[in-house]
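Asker:
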Amino acid sequence: MPSGIPEISPRDFETLSQQKSKKVEVYEGLMNKMTVSATWLDSELSEATLSHSARIAQWQEPKYKEERFKVVNRHTDKTEFFVSFYTPERKSADLANTKNLWKIYLDVNGQRYEGKATKIKQLLSEIQSIYPQHNRWSYPFIVTFPVATALVENKPAVLTLTGAVGSAQLIFN
629 MPSGIPEISP RDFETLSQQK SKKVEVYEGL MNKMTVSATW LDSELSEATL
679 SHSARIAQWQ EPKYKEERFK VVNRHTDKTE FFVSFYTPER KSADLANTKN
729 LWKIYLDVNG QRYEGKATKI KQLLSEIQSI YPQHNRWSYP FIVTFPVATA
779 LVENKPAVLT LTGAVGSAQL IFN
């Protein structure tokens with residue numbers, strides 16, 4: 629890798645990604661109502677993701693710096709999670725559709741922030757190279773909350789998804 633780009637091994641990246649991820653499955657009897665996997669894209673994981681992406685795509689230092697600048701700017705006023713979401717009813721699986729009754733909240737420091745989901749439109753292999761916990765049956769989203777990453781990272785938090793299908797809470801300590 630070019631100098632100026634921090635190195636991270638694939639194994640170390642996957643370990644860090646797993647540490648920043650939580651998963652909940654909600655059942656009604658034997659039927660799976662929904663499965664939610666969320667990864668907190670805090671400063672540490674974002675830096676690791678950039679290094680991992682730089683290695684995969686063989687970025688040069690200017691490209692790395694450009695992408696890092698974008699991430700740092702996003703984190704100044706937003707907190708992001710990658711969410712892999714599955715429900716057997718396809719019409720209910722789109723968290724980004726404002727017509728659905730899904731609400732997504734982040735509770736941290738005694739404050740509640742409402743999130744906005746954006747569907748990721750990439751190939752499955754591209755998504756799984758960054759988020760290995762995602763599978764082909766789930767839908768990928770980036771959920772953004774209107775609070776600076778620095779104000780909430782490394783603090784206990786609860787990510788809540790609630791809607792007509794059910795509710796799930798993912799607890800990050």
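Each residue of the sequence shown is one higher than the one before, counting from 629 in my numbering.
The C-beta atom is built at its ideal place from N, Cα and C for all residues, glycine as well.
Values in this document were obtained by computation on a predicted structure and should not be read as measured data.
1. Taking DSSP as the reference, what is the three-state secondary structure of K749?
2. Which two residues bound the contiguous beta strand (DSSP E) that contains A785?
3. Going by beta carbon distance, what residues of the same chain come within less than 7 Å of T677, once the five residues before and after it are set aside?
4. How far does the alpha helix (DSSP H) with R639 in it extend, from its first residue to its last?
5. Quick one: grab the DSSP three-state call for V736.
6. Could you please give me the residues that DSSP links to I633 through a beta bridge?
7. Using the DSSP secondary-structure output, state which residues sit across from T667 in a beta bridge.
8. In terms of residue numbering, what span does the beta strand (DSSP E) encompassing L798 cover?
9. Per DSSP, what kind of secondary structure is Y692 in: helix, strand or coil?
10. Three or more C-beta pairs closer than 8 Å, one from the region 758 to 776 and one from the region 736 to 747: is that the case here?
Answerer: Considering the structure as presented:
1. Taking the sequence shown and counting its residues from 1, one reaches residue 749 at position 121. Coil at K749, not helix or strand.
2. Taking the first residue of the sequence shown as 1, we reach residue 785 at position 157. Counting along the chain, the beta strand (DSSP E) containing A785 begins and ends at 785 to 790.
3. Mapped onto the sequence shown, residue 677 falls at position 49. The answer, listed in chain order, is I758.
4. Working through the sequence shown from its first residue, we reach residue 639 at position 11. Segment 638 to 647, the alpha helix (DSSP H) holding R639.
5. Here residue 736 corresponds to residue number 108 of the sequence shown, with the count starting at 1. In this structure, V736 counts as strand in the three-state DSSP scheme.
6. Residue 633 sits at position 5 when you count from the first residue of the sequence shown. Its beta-bridge partners do not exist; DSSP assigns none.
7. Counting from 1 along the sequence shown, the entry for residue 667 is found at position 39. Answer is S649, F710.
8. Your numbering for residue 798 matches position 170 in the sequence shown. Segment 795 to 800, the beta strand (DSSP E) holding L798.
9. Translated into the one-based positions of the sequence shown, residue 692 becomes position 64. Three-state result, Y692: helix.
10. Contact holds between the region 758 to 776 and the region 736 to 747, because three or more Cβ pairs, one in each stretch, are under 8 Å apart.
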